[in-house]
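Sequential numbering from 1 applies to the sequence shown in the UniProt record's numbering.
The structure appears right after this line, and notes come after that.
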Amino acid sequence: MPILRSLPPWPNPQESMAREIPSSRVGNRMVWWPQGPALEIFEKFILPEIKNILAVVELGHAELFIRLYMIGRKPESANPIVMICCTNSKARDVAEATIRETGLLDAHRGFGLGRAALPLEHPAPVRRLSPDKQRRDMSTGSGKPDPTNIPSLLSPSEITIFGLPIHTQPSRTHWSSMNTSTMNDSLPFIINALPSSTESKMSGSSPIVFASSIEPLIGRRVFASTNVDHASHPYATAGVVIQVGESYYQLTVGHLFEEITEISDEEESQMSLDEFHFDGQSDDDGQDSDYETEIMGRGSASPEEEALSSSNGSANEHITRHYTGHTNVSSKILGEIWRQEDLKKSSRSRNKLPAISEKGPQRQHGSGDISTLFQRTQSEGGANSKALANPGLRLPVGCLPRGKSFQTPIDYAIITVSRNYIENLGWKINYIEQVRQRVKDVAEVGHEERNIIVATYSRIIKGVLIPGKVAYRNRRAQFERLVQVELNSEVFEGESGSPVLDESTGSLCGHIVMGVPGTKMAYIAQAIDIFRDIEAGLGKPAKIVMEVNRRIMKTPTSRSRVQLKPPITSEESIRNMLKINSWGDISNR
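So this is what it looks like as structure tokens:
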């Protein structure tokens, strides 16, 4: 354990303190979100230097957060503390020791350095929210699954396009129970099963992308093909439609299309996730008790956790009895539920947090009710619920533009969209019907809280954007610049890519990239960073397509007007979309 420094008082600490963070992991101290002078100094002078220092340090594939908190026994004595948060103990030891050796914080009087397994507001590690079999089996925790992979109900003769199994005559009996008001009478081709990644792309080309709707509405579910079984094809949520030059794209998350590897440096056990220390932790003006120091130093289980451990058997028996009436629940799903229940209970007892309410804007979801969990996206109205009535459908809708590198540290991808679909949507482009809100422009996240809405494929979630930036080192050893949001409801698997909007203006703040299981915390990639990266990569500015009104196409930064063509049939739209030039760009003709 390093020698911790005593810290001089931070001037006017209340000016640097935002809302308090509920956390019992800091003993008898208090924690606040930073703002004001401390946050500005951190982002301008300290954070860039720390990123430069760690860029040349070997940390393996460890994921790491660099966070700033205001910590003190009372508001008047709080100091800004830079926390190195990583669940890999070796990586966080090396990172902390390297930063201390540079003496960086000595030049910033009043700032302290610390380390923790998790950010202080996290009861569990973060995880990506684009589900597949491998990610759900990871030992670092899991977000709630939202398994709405609806099996194919179609039984017509098959044809093939690009070697993909296609159905052209869907059963009207099955479609009669679904709302297809947003589709033309001539139904689109329906993919019966996704191909493997080797079938969906050619050498030197980009993979085809599938979706739950042919229309590029905000909130449609998008799928990536993989080499694993059909049930585990990863999926995410699509966001706004943008224009780059003469081409159109829809945003979503980039990690949806990354190759999944078994490499993981997250080796920390749940018992040691409470370990942390920081400068000023044992100042003479208020020495921690021996009991408190021991608890913080070793991350020991509390008496409540020990009691919980002895009661887990009966709790699991209760869960088993509750779910055995559901014929579709397998032992694997029950095991996942047990892990989630145990994780939530241990987190609540350790952090003395109130029970997490699953009540969202639409309805209440029981934290362990498998029936509501499986029916959630089918029963709720979402941002564009009519178009998303059957999120299990897989339609070939576009591809990733050839040459786009997804080694960028920003977690995003752009899916090519045929101009025909933009024209057919008319005024519904980038419009969220449920809240009657249109995405108008891009917002730059500042140092003030703002109310936000998140448009997922099944619901609208309200929340608050936490001021300031979060530096996150991913498994590729690249730093991402994220922003944290606190929502009114927990985010579920499959909701990565959901756009985050300023509630009052409709401006795009970014999209969801990660969530924290058992909490209402999530992280977003900033829209302004995404748009700048697109412009740098494609050499042309990206614009949000605002609306089609009176047959005129409008964009927020251009007065150009494009006369729209007469509507075409859905089958013609699909065939036009499938005209791919060199397996890269979709023809706009």
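The beta carbon of each residue, even a glycine, is placed where N, CA and C say it ideally should be.
{"Check": "For E96, the residue or residues it bridges with in DSSP", "Outcome": "DSSP lists no partner for E96."}
{"Check": "Buried/exposed call for Q484, threshold 16 Cβ in 10 Å", "Outcome": "buried"}
{"Check": "E101 to F479 span [Cα, whole Å]", "Outcome": "21 angstroms"}
{"Check": "Secondary structure of M183, DSSP reduced to three states", "Outcome": "Low confidence applies to M183: its pLDDT is 31, below 50, so where it sits in the model is not reliable, and the reading given next is rough at best. Looking at M183 - three-state DSSP - the assignment turns out to be coil, as it is neither helix nor strand."}
{"Check": "Through-space distance from Q250 to P195, alpha-carbon basis", "Outcome": "Only weak support exists for where P195 lies, its pLDDT of 36 falling under 50; the coordinates are left without a value."}
{"Check": "As assigned by DSSP and simplified to three states, the class of A477", "Outcome": "coil"}
{"Check": "Residue interval of the alpha helix (DSSP H) (run including N420)", "Outcome": "R419 to L425"}
{"Check": "For A62, the three-state DSSP class (helix, strand or coil)", "Outcome": "coil"}
{"Check": "The ligand SAM heavy atom lying under 7 angstroms from the CB of F65", "Outcome": "The ligand SAM is absent from the structure shown, which contains no ligand whatsoever."}
{"Check": "Three-state secondary structure assigned by DSSP to R5", "Outcome": "coil"}
{"Check": "Residues that W32 bridges to, as DSSP identifies them", "Outcome": "E20 and M70"}
{"Check": "CB contact flag (V216, F257, <8 angstroms)", "Outcome": "The sequence shown places Pro at residue 216, rather than the Val named in the question. No, Cβ-Cβ distance for P216 and F257 is not below 8 angstroms."}
{"Check": "Cβ distance (whole Å) where N474 is taken to contact V464 below 8 angstroms", "Outcome": "Incorrect: roughly 25 angstroms between the Cβ atoms, too far for contact."}
{"Check": "Buried versus exposed call for I22 [16 or more other C-beta atoms within 10 Å across all chains shown]", "Outcome": "Inspection of the sequence shows that residue 22 is occupied by Pro rather than by Ile. Flag for P22 reads exposed."}
{"Check": "Cβ shell of D411 (< 7 angstroms), same chain only, five flanking positions each side left out", "Outcome": "V253, G254, H255, E480, V513 and A525"}
{"Check": "Same chain, Cβ closer than 8 angstroms to G245, five either side skipped, listed in chain order", "Outcome": "L538 and K540"}
{"Check": "Rounded C-alpha distance that separates A18 from G72", "Outcome": "13 angstroms"}
{"Check": "Identity of the residue in A97, E275, V94 and H108 nearest K44 by Cα", "Outcome": "H108"}
{"Check": "Straight-line gap, P409 to D529 (C-alpha atoms, nearest Å)", "Outcome": "10 angstroms"}
{"Check": "DSSP-derived helix/strand/coil call for N52", "Outcome": "helix"}
{"Check": "Whether R127 touches G494 by CB criterion (8 angstroms)", "Outcome": "no"}
{"Check": "Three-state class that DSSP yields for G510 in the structure shown", "Outcome": "strand"}
{"Check": "Alpha-carbon to alpha-carbon, E275 and W32", "Outcome": "19 angstroms"}
{"Check": "Reduced DSSP category for F441 - H, G, I as helix; E, B as strand; rest coil", "Outcome": "At residue 441 the sequence reads Asp, which differs from the Phe that was named. In this structure, D441 counts as coil in the three-state DSSP scheme."}
{"Check": "Start and end residues, alpha helix (DSSP H) containing D279", "Outcome": "No alpha helix (DSSP H) holds D279; DSSP gives it neither H nor E."}
{"Check": "Beta-carbon proximity list for R115, same chain, < 6 angstroms, skipping 5 on both sides", "Outcome": "I84, R92 and E96"}
{"Check": "Euclidean distance between Cα positions of Y472 and L54", "Outcome": "12 angstroms"}
{"Check": "Same chain only: Cβ atoms within 7 angstroms of D533, ignoring 5 sequence neighbours per side", "Outcome": "T408 and I410"}
{"Check": "Option nearest H447 by Cα separation, candidates V240, D441 and V470", "Outcome": "V470"}
{"Check": "Inter-residue spacing [alpha-carbon to alpha-carbon] between N430 and F531", "Outcome": "16 angstroms"}
{"Check": "Per-residue DSSP class, three states only, for S247", "Outcome": "strand"}
{"Check": "K90, buried or exposed, once every other Cβ within 10 Å from all chains shown has been counted against 16", "Outcome": "exposed"}
{"Check": "Distance between beta carbons of I242 and A542, contact taken as under 8 angstroms", "Outcome": "5 angstroms"}
{"Check": "Cut-off 6 angstroms between Cβ atoms - residues of its own chain near R5, not counting five sequence neighbours on either side", "Outcome": "D279"}
{"Check": "Assigned exposure category for P467 - 16 Cβ within 10 Å defines buried", "Outcome": "buried"}
{"Check": "Host beta strand (DSSP E) of A525 (start-end)", "Outcome": "M521 to Q526"}
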